[in-house]
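Participant: Dropping the structure in here first, questions after.
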Amino acid sequence: MARPAVVTSPEDAEGYSAPRVIVPEGKGWRQCWSYVGPGFLVAIAYIDPANFESDLKAGAAYKYTLLWALLLASLAGLFIQSLSANLGIVTGKHLAQHCRLEYPWALNFVLWLIAELNIIASDIPQVVGTAFALNLLFHIPLWAGVLITGCSTLLLLALERFGARPLEALMALLVLLIAGCFVAEMVKALQPSDVGELFKGMVVPQLKDLGALAVAISILGATVMPHNLFLHSALVLSRKHAGTTRAIRTATHYSLLELALALFISVIINVAIIAVAGTVCNSASLPPGAAEACANISISNAYVLLKDVLGGWAGTLFGVALLASGQSSTVTGTYAGQYVMQGFLELRISTWLRNFITRLVAIVPALLVALLFGAKGASLLIILCSITLSFGLPFALIPLLKFTSTTLKMGMFATHTWTTVAASGLGACITLANSALIIWTCINLLYLNPSSLSSPPSANFNLLRILFTVLTSLLLLLYLLTLTLLALRPISTATYQPTKDELSKAAVVAKAHDLAIDTYENGSSGGGKGGERGERGDLESGFGAYGVCGKGSEEGAKAAEESAEAAAAAAEAAAEAAEAAAAAAAASALARSKMPQSAAAAAAAAAAGSDVTGAAAGASFSESPPANVAVSATSEASLQHWLAESGRRS
Numbered sequence: 001m002a003r004p005a006v007v008t009s010p011e012d013a014e015g016y017s018a019p020r021v022i023v024p025e026g027k028g029w030r031q032c033w034s035y036v037g038p039g040f041l042v043a044i045a046y047i048d049p050a051n052f053e054s055d056l057k058a059g060a061a062y063k064y065t066l067l068w069a070l071l072l073a074s075l076a077g078l079f080i081q082s083l084s085a086n087l088g089i090v091t092g093k094h095l096a097q098h099c100r101l102e103y104p105w106a107l108n109f110v111l112w113l114i115a116e117l118n119i120i121a122s123d124i125p126q127v128v129g130t131a132f133a134l135n136l137l138f139h140i141p142l143w144a145g146v147l148i149t150g151c152s153t154l155l156l157l158a159l160e161r162f163g164a165r166p167l168e169a170l171m172a173l174l175v176l177l178i179a180g181c182f183v184a185e186m187v188k189a190l191q192p193s194d195v196g197e198l199f200k201g202m203v204v205p206q207l208k209d210l211g212a213l214a215v216a217i218s219i220l221g222a223t224v225m226p227h228n229l230f231l232h233s234a235l236v237l238s239r240k241h242a243g244t245t246r247a248i249r250t251a252t253h254y255s256l257l258e259l260a261l262a263l264f265i266s267v268i269i270n271v272a273i274i275a276v277a278g279t280v281c282n283s284a285s286l287p288p289g290a291a292e293a294c295a296n297i298s299i300s301n302a303y304v305l306l307k308d309v310l311g312g313w314a315g316t317l318f319g320v321a322l323l324a325s326g327q328s329s330t331v332t333g334t335y336a337g338q339y340v341m342q343g344f345l346e347l348r349i350s351t352w353l354r355n356f357i358t359r360l361v362a363i364v365p366a367l368l369v370a371l372l373f374g375a376k377g378a379s380l381l382i383i384l385c386s387i388t389l390s391f392g393l394p395f396a397l398i399p400l401l402k403f404t405s406t407t408l409k410m411g412m413f414a415t416h417t418w419t420t421v422a423a424s425g426l427g428a429c430i431t432l433a434n435s436a437l438i439i440w441t442c443i444n445l446l447y448l449n450p451s452s453l454s455s456p457p458s459a460n461f462n463l464l465r466i467l468f469t470v471l472t473s474l475l476l477l478l479y480l481l482t483l484t485l486l487a488l489r490p491i492s493t494a495t496y497q498p499t500k501d502e503l504s505k506a507a508v509v510a511k512a513h514d515l516a517i518d519t520y521e522n523g524s525s526g527g528g529k530g531g532e533r534g535e536r537g538d539l540e541s542g543f544g545a546y547g548v549c550g551k552g553s554e555e556g557a558k559a560a561e562e563s564a565e566a567a568a569a570a571a572e573a574a575a576e577a578a579e580a581a582a583a584a585a586a587a588s589a590l591a592r593s594k595m596p597q598s599a600a601a602a603a604a605a606a607a608a609g610s611d612v613t614g615a616a617a618g619a620s621f622s623e624s625p626p627a628n629v630a631v632s633a634t635s636e637a638s639l640q641h642w643l644a645e646s647g648r649r650s
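If you want it as structure tokens, here you go:
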């Protein structure tokens, strides 16, 4: 299959610095193949070490009963990620850039801080997971594994210099490697009698207790990642299409199909992890000592558990899958950090320096925890990072939903009313679910299981517990109030740029209006000249009648004849002006019905300016020219000429 062409001039894609893939024209597999890539980078966040942790706990404690939550979370992720991709495809800008253009400086700075915290919180489990994998496979100390992860990630990111394709291909291979490892383990672990129960867990919602609800919410929180919303809207900028309405619709269509394929593979991986953990930890022939490992299962001890139950090869496959997951997710996390920093702050620094800074802020806390607290502290750090991600998700989700639902940003591609309602309801459910998870985690640590923090609880601990509860309640109230204000804030900045065919329609309307004004002015000028010559002829005829100049009578008759001809020409010109005005009005109505607000306003003004009541009406049109046009040089030059001429006449 032929490889799509790559263009190395990225200046027409603001916010994307790597060489871009040119989408071939026409239809077929070649065009579809050119869109494959970004979805696999996004899907990596659905199979990172934090998801491994949630899946292992869900399978060990509740077997297959929470598989429905995994499928529901994946569908929600598909819906939300498709909105993120559409934002980038339609507007040519990613989510962080839109936030910078829309919000005031202070709010923009807060959103940037939260986005950076989200990226760090998602990156730490990935670094820790990779370090665990290196320790399990090669017995490398945890702290050394953290340092190796940072260096290897920077080397992998160097592939970006060769364009998007090599890095996308590598990430896709890692995803397929993870899938192969866990599917092989699932086939080994599952018994024929377990298959029916497995499918039942996928389609029948079940919650055995509050603990199951907490795990289900954690699966949702680990699936829909805030940094992915920034990342996906930027990755789609790597595709260079024709810029027409049809090309944009084709791009959104293929992007959705590619994303669905990538997320389907991630669902298979997560189902396999839950199935393996559920089968092993709920087996009647569980070896002695394995029950305790299942009760406290995590990515740090799952290797030993699988090795003891399924064999040494199963433990090795788990280590390989964990290494591939952690390494690939650190690459995408660093990638997201680049776009967030560039989009919010518009920092123009070299790619390697951005990568180094983004990598450093994630490695330092992971390294400190690994040195001070070891494997147990690293596992607790993953839990705290999951809580942080749940806290920060709405600050990326709310702007995304608002931007994609308004014509000021998306023009004719804005989401429909029911889609907006569904997306808003889904966002509210995710926000409330994550808030409930935060509350549940605090209650569990402070009241239901305080021995995990202080054993036995002392009087000082009880006082600290009360103060922490009050402070947490106040912060949660402030958190919900901030989200409400962010959701209610109206969108005020119009950044949508019409497509090439929309601009062509606007140019037709402008040309029709210009023709009408020129025809009217010529007709008025001809009629005035004829009247003037007629008056002069009448005067000379009068002189001839009194005998002052006999020749005046003859010239007066000739002037009167010319005056009549000029009047007829003026009438014909006026008729042509009326026809041109009607054509302009018809073109305006047609364009206005298919164009966004900025171009529609220009069309409406064109129809008004085409009225044959005089040139003053044309001046009103020149006050509303087509805005936000950034397409071909020919169309733009013609419109600029029309704007200048309209301003001169007015």
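Per the working numbering, the very first residue in the sequence shown carries number 1; after that it's consecutive.
The beta-carbon is built from N, C-alpha and C at its ideal position, and this holds for glycine as well.
Since the structure is predicted, the reported quantities are computational estimates derived from the model, not experimental observations.
#1: Per DSSP, what kind of secondary structure is residue 465 in: helix, strand or coil?
#2: Out of 62, 268, 34 and 346, state which residue places its alpha-carbon closest to the alpha-carbon of residue 108.
#3: What is the DSSP secondary structure of residue 63, counted as helix, strand or coil?
#4: Where residue 330 and residue 504 are concerned, what is the direct C-alpha to C-alpha distance, given to the nearest angstrom?
#5: Only counting the same chain, and skipping five residues up and downstream in sequence, which positions put a Cβ closer than 6 Å to that of residue 102?
#6: Could you have a look at residue 22 and say whether DSSP puts it in helix, strand or coil?
#7: Quick one: which unbroken alpha helix (DSSP H) runs of 4-plus residues sit fully inside the stretch 185-213? Chain order, please.
#8: In three-state terms, what does DSSP make of residue 27?
#9: Hey, which unbroken runs of the alpha helix (DSSP H) at 4 residues or more fall wholly within the stretch 127-189?
#10: For a test of the three-state rule: what should DSSP assign to residue 93, helix, strand or coil?
#11: Can you find at least 3 beta carbon pairs, one from the stretch 416-427 and one from the stretch 120-137, that sit closer than 8 Å?
#12: For residue 403 and residue 409, I'd like the C-alpha separation in whole angstroms.
#13: Check whether the Cβ atoms of residue 501 and residue 277 lie closer than 8 Å to each other.
#14: Rounded to whole angstroms, what is the Cα-Cα separation between residue 490 and residue 84?
#15: Please classify residue 100: does DSSP put it in a helix, a strand, or coil?
#16: For residue 683 and residue 336, I'd like the C-alpha separation in whole angstroms.
#17: Work out the CA separation of residue 395 and residue 478 for me, nearest whole Å.
#18: Is it right to say residue 92 is buried, meaning 16 or more other beta carbons lie within 10 angstroms of its own, or is it exposed?
#19: Name, in chain order, the residues that DSSP records as bridge partners for residue 240.
#20: Taking residue 144 as the reference, which of 98, 325, 246 and 368 has the closest Cα?
#21: For residue 334, does the count of other Cβ atoms within 10 angstroms reach 16, so buried, or fall short, so exposed?
#22: In this structure, how does DSSP classify residue 331 when only helix, strand and coil are distinguished?
#23: Between the alpha carbons of residue 88 and residue 228, how many angstroms are there, rounded?
#24: Specify, as a first and last residue, the run of the alpha helix (DSSP H) that residue 425 falls within.
#25: In angstroms, rounded to a whole number, what distance separates the CA positions of residue 588 and residue 349?
#26: I'd like the list of long-range same chain contacts for residue 293, defined as Cβ closer than 6 Å, with 5 residues on each side in sequence excluded.
#27: Measure the C-alpha to C-alpha separation of residue 360 and residue 154 and round it to an integer number of angstroms.
#28: Within 10 angstroms of its Cβ, does residue 498 collect 16 or more other Cβ (buried), or is it exposed?
#29: In chain order, what residues of the same chain lie with their CB nearer than 8 Å to the CB of residue 363, ignoring the 5 residues before and after it?
#30: Can you tell me whether residue 599 is buried or exposed? The criterion is at least 16 other CB atoms within 10 Å of its CB, across all chains shown.
#31: Is the beta carbon of residue 183 less than 8 Å from the beta carbon of residue 265?
#32: Please state whether the Cβ-Cβ distance between residue 215 and residue 58 is less than 8 Å.
#33: What are the start and end residues of the alpha helix (DSSP H) that includes residue 269?
#34: Give me the Cα-Cα distance between residue 625 and residue 244, rounded to the nearest whole angstrom.
#35: Going straight from the alpha carbon of residue 309 to that of residue 187, what length do you get?
#36: CB-CB under 8 Å to residue 159, same chain, minus the five flanking residues each way: which ones, in chain order?
Facilitator: A quick look at the data gives this:
#1: helix
#2: 346
#3: coil
#4: 45 Å
#5: 493
#6: strand
#7: 194-203
#8: coil
#9: 142-157 and 164-189
#10: coil
#11: no
#12: 6 Å
#13: no
#14: 19 Å
#15: helix
#16: Here the chain comprises residues numbered 1 to 650, so residue 683 is not present and cannot be evaluated.
#17: 14 Å
#18: buried
#19: 22
#20: 368
#21: buried
#22: helix
#23: 13 Å
#24: 417-443
#25: Unreliable placement is indicated for residue 588, whose pLDDT of 47 sits below 50; the coordinate value is still reported in the next sentence. Each residue's Cα considered, the two are about 46 Å apart.
#26: 301 and 305
#27: 11 Å
#28: buried
#29: 127, 146, 147, 149 and 150
#30: Confidence at residue 599 is low in this model, with a pLDDT of 42, below 50, so its placement is unreliable and the value that follows should be read with caution. Per the 10 Å Cβ criterion, buried.
#31: no
#32: yes
#33: 245-281
#34: For residue 625, the predicted model reports a pLDDT of 39, less than 50, meaning its position is unreliable; a value from the coordinates is still stated below. Whole-angstrom Cα-Cα distance: 21 Å.
#35: 14 Å
#36: 166, 167 and 170
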